[in-house]
Every structure is written in C-alpha cells, then in structure tokens.
Amino acid sequence: MGRVMLEVRDLTTKYVTRYKEDVYAVDHVSLKIEEGKTLGIAGESGCGKSTLALSLMGYYFPPLHYISGEIIIDGQNITGMKPDEVRRSILGREIAYIPQAAMNALNPTRKVIDFIGDVIRAHDPTWTKQMIYDHARALFERLGLPPEVLHKYPVELSGGMKQRTVIAVAVTLTPKVLIADEPSSALDVTSQKMVIKMLRDMMESGFIKAMIFITHELPLLYNVADDIMVMYAGQIVERGTAKQTVFDPLHPYSKGLMGSILVPESGLRSAKLTAIPGAPPNLKNPPPGCRFADRCKYVKAECRVMSVPLYEVGQGRAYRCILSEEELRRAYAHDE
Amino acid sequence: MTSKGNPCLSGRGVTKIFGFGRHKTVAVDHVDFDFHEGEIVSIVGESGSGKTTLAKMLLGLISLTEGEIYFQGKKRDLSSGKKKQEYWRNIQAIFQDPFSSYNIFHKIDAVLLDCIRMRGGGKLPREKKVELMTEACSFVNLKFAELTNKYPFELSGGQMQRLMIARIFLLKPKILVADEPTSMIDACSRATILDYLMKLRNEIGMTLIFITHDIGLAYYVSDTIYIMERGRFVESGSADDVILHPKHPYTRRLISDVPKIYEEWDLSTV
Numbered sequence: 000m001g002r003v004m005l006e007v008r009d010l011t012t013k014y015v016t017r018y019k020e021d022v023y024a025v026d027h028v029s030l031k032i033e034e035g036k037t038l039g040i041a042g043e044s045g046c047g048k049s050t051l052a053l054s055l056m057g058y059y060f061p062p063l064h065y066i067s068g069e070i071i072i073d074g075q076n077i078t079g080m081k082p083d084e085v086r087r088s089i090l091g092r093e094i095a096y097i098p099q100a101a102m103n104a105l106n107p108t109r110k111v112i113d114f115i116g117d118v119i120r121a122h123d124p125t126w127t128k129q130m131i132y133d134h135a136r137a138l139f140e141r142l143g144l145p146p147e148v149l150h151k152y153p154v155e156l157s158g159g160m161k162q163r164t165v166i167a168v169a170v171t172l173t174p175k176v177l178i179a180d181e182p183s184s185a186l187d188v189t190s191q192k193m194v195i196k197m198l199r200d201m202m203e204s205g206f207i208k209a210m211i212f213i214t215h216e217l218p219l220l221y222n223v224a225d226d227i228m229v230m231y232a233g234q235i236v237e238r239g240t241a242k243q244t245v246f247d248p249l250h251p252y253s254k255g256l257m258g259s260i261l262v263p264e265s266g267l268r269s270a271k272l273t274a275i276p277g278a279p280p281n282l283k284n285p286p287p288g289c290r291f292a293d294r295c296k297y298v299k300a301e302c303r304v305m306s307v308p309l310y311e312v313g314q315g316r317a318y319r320c321i322l323s324e325e326e327l328r329r330a331y332a333h334d335e
Numbered sequence: 000m001t002s003k004g005n006p007c008l009s010g011r012g013v014t015k016i017f018g019f020g021r022h023k024t025v026a027v028d029h030v031d032f033d034f035h036e037g038e039i040v041s042i043v044g045e046s047g048s049g050k051t052t053l054a055k056m057l058l059g060l061i062s063l064t065e066g067e068i069y070f071q072g073k074k075r076d077l078s079s080g081k082k083k084q085e086y087w088r089n090i091q092a093i094f095q096d097p098f099s100s101y102n103i104f105h106k107i108d109a110v111l112l113d114c115i116r117m118r119g120g121g122k123l124p125r126e127k128k129v130e131l132m133t134e135a136c137s138f139v140n141l142k143f144a145e146l147t148n149k150y151p152f153e154l155s156g157g158q159m160q161r162l163m164i165a166r167i168f169l170l171k172p173k174i175l176v177a178d179e180p181t182s183m184i185d186a187c188s189r190a191t192i193l194d195y196l197m198k199l200r201n202e203i204g205m206t207l208i209f210i211t212h213d214i215g216l217a218y219y220v221s222d223t224i225y226i227m228e229r230g231r232f233v234e235s236g237s238a239d240d241v242i243l244h245p246k247h248p249y250t251r252r253l254i255s256d257v258p259k260i261y262e263e264w265d266l267s268t269v
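For the record, the sequence lines run as chains U and H. Following numbering that gives the first Met the number 0, the residues of the first sequence are numbered contiguously, the last one being 335. Following numbering that gives the first Met the number 0, the residues of the second sequence are numbered contiguously, the last one being 269.
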C-alpha cells in the first residue's frame, strides 16, 4: 500500500441559500487516494461532484459552509484551518484545482506569463520578473508545452492549448494533489487526447502525486482513473476500481450511467441507448430513504423509508443499495 | 440502411471564404453533398474544420462565396425576406448552447406561440393554442402547466434543449440541423435528447443533419456520415463503412482519439 496522499473522512458541507435554506451538496463523503493513483468521480450535473472538489480543498467561503469531517493532505490535517491560512499554505502547493471552463476565464488583456506570475507572487511576493520567467520556462519545458506560448494572449491560443496552459498555471507551485474538474469536456476529441496525455505524463513522471478527475464521460474516466467513485445527490453510491465500476456496476444508478455511453465500436448501433428517467431529487429536502428510489427500476417499498448505508464489499469496493450483490447482478442479467 | 428517398438538400461546389487577400481563410472548400428525405446525416470534424460554417450556409444564415445549394431539386432562392421566411419554415436548427439560444426577456409561452404563428395558427383561439403547446411539451416529457409564465433561464440545460425539440415538434420542418445538440449537456441527459430527436424524426419524417465532433454519437444515430477536414469532405458513406472500415487517415485518427472501453486507448499517437 502506497503513501496516502489525500484522505477525507465523513466530509459534509452545505450551501446556504438566499432564503436561509440548507442544501447538503456533500453528504458524509469519505475517500482515500494513494500516491500515483487517479481517482475518478462520475455522476450527472448537479450531483455534487464540483462541490466535493471545492470542499476537499478546505477553502470555504459563503454560500459554501463546512459542517463536519476531516481532510488530511499528505499527513497534514487541514481541518479547521482559517481560510486565509489555507489559501497561503495549502492551495496551489499541496492541492490545486482546475475549475470547469477555467480556460474561458483567462483575462484576455494579459499574457500567459502574467497568470503564472500572479500565482507565484500570491504566495511569495519577493520573486523578480526574471525569476518568474525562468521558472515558467522550465515548467513549460517540463510539461512539454512550447515556451513561445508564455508571451501570447489567450485569444492567440487554440482551445486545447488554452486548457493545457490553464493546467500548467495550476501546477506552477508543484502541488501534490491535482483536482481536474471536467478539464476536457469543451474540447474536441483530438485536443481532449492531448490534455489527457499531458495529465497522464505528469502523473507518470511523479510531477504530481495524485489526481482527482471529475467528468460525466465514463469512457474517458475509464481510461484515466484507477478507481472510480460514482456520486448521486451528494452521496457516494458506488466505489470500486475503474474496471469494476464500468463492467460490473452494482448500484442501479451506475448501471444506468453505463447505458448512456456512446463509443464508436462495433455493436453500438444495435445497442439501445437507455436514459435514466426523471431528475435528481431536490437537496433542500432530500427523500428520507434511498435518494435514487424515484428513478430506480428495482425500487421496493422499504427503499423509500429506510436510509441506506454504504455497504463495504471488501477491497475498497462499496455500494449503497439495499439489494445484495447477487440480487442486483441477477436483476441486470434478467434485463439483458 | 433503408433505401434513400429523393434528395432534399444538395450542394454543388459550396464554398465559403472569410477575409480577403493575405488574410483569406477558406472555411468550406468546394463541398458536394446530397441529403435525402428522411435520412439522418452526420457531419463530423474537429474544431475549426468548417462544419458550423457549413451548417450556417445550409440554414441560409450566411451567404455562399461560391457554389449552389439546391432545396428539393430547385435552386435555393433567399433573395427576399419573404422567401427566407418560407425557407425557414422548412429548415430549422438546434444549436449547441441552449443557454444562449433563447431570448432571455421572453417567456417560454412566447417561444412556443411564435412557432404556432409561424405555422399560420396565429388566429387560433387561446385554448387551442394552449392545447397545441401542451401537446408539444408532453412530447418531450415536459409539463406545460409548470413551464407557462416561466423564463428560459429557470430551466436546466437538458430541459432547455428539450424545449427546443418541442419547438421543432410544433414547426414540423422538413429538415432539422442539429449543431452539437448534446455537447453542453451531460451524458445522462444526452441519451434523452437523442431519443426525442429520433422519435421526432419518426413522427414527422424529417431529414436530420447532425453537426458534431462526437464520432460515437454520429455512429449511433446516423445513416450516412461525412467526415470533414479543413473545409473538405475527406470521407463519406454509410455509418458502418466509415466507422468500422475507415479509409482516410484523418478518419482513422478521429476514431483513435475517442476514449474506448472495449479496446486499448492509445495515448502515444498524439
């Protein structure tokens, strides 16, 4: 077992809306990532993937509030740290985050080198221009990006290059853990592949020690992640290795996600694409029982009243359903 | 693949050039095509290959630099506003970004009422209009009673895209151009949107033209696939031929770039 780079125990965070309503977007989530591993988080929009990513960094600002749980990054417990302290000593150095659509948020009037300079100066204002330039150049060479890009404006870059630049800016201070939130969903397949290759090279060369990859594209996740965690309505509903989650899903929701995959491989045209009917529940007042009950094909009366714990199956595998593994597999086999 | 109907939209030497002289960009370069009635066609290419420019020309939103587009065997004529309107009764579009497809100041009712008026139902009594709108919404599994008096931004992306399909259901065009209809919404809603589009095609027998970079989607839905690279069609044919037996290196590269689950995804070929 490798060194644990990030451990989260029972993390719960909530949003408080304008009308003082509580929305529990991350509900008792625990996870652990070892050195050299990539954890994939899957789930549809609004199920709490991005909120989990924000909560993991321990940097809370309204409307997001911390409730309970612990976050340990490489042996350092950051729970209860003040936001300012987190920003100065944790963000960017220990853990870095690439938000969704970050590449569209680049200031069009500044050059790429300025973004890198901003990150460095926010942590250490004493750096000179030359030092920043040397650092940025070395960083770009290390990541396999052309150094000319440093002197360009965002509009001069293609979508794929912009996204890779954003990643380079995020890892300027060589963080141990990188959280990539949908880093490639706005790109075409070729640029997407380049972004993924860059991330994977960074992992392989040990430039970053662990990665969390968030996306709703299962085929992509399967190729990037070692382990996959499926989230639904703020909770983990399934956890396992990438292979297990994709080829042998246990939770009906994971099974449903598998039904919406489109890959250009023979057999796709004859397969029927199955959508999961309905929409996720409103987290302002989540249903008391299983949160997936309303959309589940195999729903039983107890599902709606009994809150379902996450059953550990062993070897890190877990799922949240009252049916046994065998019952679920039999039900899926019956449907096919 | 079923037998092809009559050509309903054809192009000969369709070209679009932006800019002049040194800054000339040839976005679409002498492409020929025949889209048949009731056919589902996909135009696949990466960003910047000219597929959206081609879609805009098909829709008559921008003019052609060279070449001709034929609609139902006759040369397309968009010389006056009236003719354009007539043309748009036959060809409609769904765009990539549902969030920017709607006028944010107009309520959802207005969006649907516009469609009814365009079909010549402007003088119908209110109840009849509501009935039509309810039918259209229920076609895409939305409840009109919940939508009425709401603004588009109160809906989720998937709902907005479904409302777009409800519009098309009211308009019943002959051709629908869907420009990346699912790239901004997540994988679970994607299946729903595609299902409704297919259902709609079967219902009103229109020609569907998908513009997409998602080769998996193209393979799943279409009868015919055109692969576009730098403004030209490099390969075309039935979906099975193009995807399972690609001939052009560009097609092969596009397919190899898609993450797969049953085969190894080769990252070394970037």
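The beta carbon of each residue, even a glycine, is placed where N, CA and C say it ideally should be.
Beta strand (DSSP E) segment containing residue i, residue limits
i: residue 11 of chain H; result: 6-17
i: residue 29 of chain H; result: 24-35
i: residue 210 of chain U; result: 209-213
i: residue 299 of chain U; result: Neither: residue 299 of chain U is in no beta strand (DSSP E) and is coded neither H nor E.
i: residue 60 of chain U; result: Element bounds for residue 60 of chain U: n/a, residue is neither H nor E.
i: residue 66 of chain H; result: 65-70
i: residue 179 of chain U; result: 176-180
i: residue 94 of chain U; result: 94-97
i: residue 206 of chain H; result: 206-211
i: residue 3 of chain U; result: 3-15
i: residue 402 of chain U; result: Coverage of chain U is limited to positions 0 through 335, which leaves residue 402 of chain U absent and any answer about it impossible.
i: residue 40 of chain U; result: 37-41
Element boundaries [alpha helix (DSSP H), containing residue i]
i: residue 134 of chain U; result: 128-141
i: residue 254 of chain H; result: 248-256
i: residue 118 of chain U; result: 111-122
i: residue 227 of chain H; result: Premise fails: residue 227 of chain H lies in the beta strand (DSSP E), 223-228, not in any alpha helix (DSSP H).
i: residue 191 of chain H; result: 186-203
i: residue 190 of chain U; result: 188-203
i: residue 55 of chain H; result: 50-58
Contact set between residue i and chain B, taken where Cβ atoms lie within less than 8 Å
i: residue 262 of chain U; result: Here chain B cannot be found, since the structure's protein chains are U and H.
Per-residue burial, residue i [other beta carbons within 10 Å of its own, 16 or more giving buried]
i: residue 226 of chain H; result: buried
i: residue 0 of chain H; result: Summary for residue 0 of chain H: the model assigns pLDDT 43, below 50, so the residue's position carries little reliability, and this model does not support an answer.
i: residue 288 of chain U; result: buried
i: residue 120 of chain U; result: exposed
i: residue 130 of chain U; result: exposed
i: residue 108 of chain U; result: exposed
i: residue 75 of chain U; result: exposed
i: residue 222 of chain U; result: buried
i: residue 159 of chain U; result: buried
i: residue 93 of chain H; result: buried
i: residue 215 of chain U; result: buried
i: residue 308 of chain U; result: exposed
i: residue 44 of chain H; result: buried
i: residue 54 of chain U; result: buried
i: residue 319 of chain U; result: buried
i: residue 143 of chain U; result: exposed
i: residue 265 of chain H; result: exposed
i: residue 235 of chain H; result: buried
i: residue 22 of chain H; result: exposed
i: residue 304 of chain U; result: exposed
Expected contact under 8 Å - CB spacing of residue i and residue j to nearest Å
i: residue 158 of chain H; j: residue 192 of chain H; result: Not quite, the Cβ-Cβ distance comes to about 10 Å (not below 8 Å), so this is no contact.
i: residue 16 of chain U; j: residue 62 of chain U; result: 7 Å
i: residue 228 of chain H; j: residue 48 of chain H; result: 6 Å
i: residue 32 of chain U; j: residue 209 of chain U; result: 4 Å
i: residue 7 of chain H; j: residue 203 of chain H; result: Incorrect: roughly 13 Å between the Cβ atoms, too far for contact.
i: residue 183 of chain U; j: residue 166 of chain U; result: Contact flag wrong, Cβ pair sits at about 10 Å.
i: residue 297 of chain U; j: residue 322 of chain U; result: 6 Å
Check your understanding: Should the region 304-318 of chain U be regarded as contacting the region 5-25 of chain H, the criterion being three or more beta carbon pairs within less than 8 Å?
Key -> no
Review point. Three or more beta-carbon pairs under 8 Å between the region 80-95 of chain U and the region 168-186 of chain U, yes or no?
Key: yes
Practice item. Just list the alpha helix (DSSP H) runs in the region 82-144 of chain H, keeping only unbroken ones of 4 residues or longer that don't cross its boundaries, in chain order. Key: 107-117 and 125-138
Exercise for review: Could you tell me whether the region 322-332 of chain U touches the region 246-258 of chain U, using the rule of 3 or more Cβ pairs below 8 Å?
Suggested key: yes
Check your understanding: What runs of the alpha helix (DSSP H), each 4 residues or longer, lie entirely inside the region 206-284 of chain U?
Key -> 217-223, 241-246 and 251-257
Exercise for review: Give a yes or no on contact between the region 128-136 of chain H and the region 65-85 of chain H, applying the rule of three or more CB pairs nearer than 8 Å.
Suggested key: no
Review point. Do the region 26-44 of chain H and the region 85-93 of chain H make contact, defined as three or more Cβ pairs closer than 8 Å?
Key: no
Practice item. Examine the Cβ distances between the region 137-156 of chain U and the region 179-191 of chain U and report whether three or more of them are shorter than 8 Å. Key: no
Review point. Should the region 229-242 of chain U be regarded as contacting the region 200-216 of chain H, the criterion being three or more beta carbon pairs within less than 8 Å?
Key: no
Check your understanding: Per the contact definition of three or more C-beta pairs closer than 8 Å, is the region 182-192 of chain H in contact with the region 266-285 of chain U?
Key -> yes
**Study point:** Validate contact between the region 280-287 of chain U and the region 256-268 of chain U using beta carbons, cut 8 Å, 3 pairs
**Key:** no
**Study point:** Whole beta strand (DSSP E) elements within the region 152-179 of chain H, 3-residue minimum
**Key:** 174-178
Review point. Are three or more beta carbon pairs between the region 98-116 of chain H and the region 145-153 of chain H nearer than 8 Å?
Key: yes
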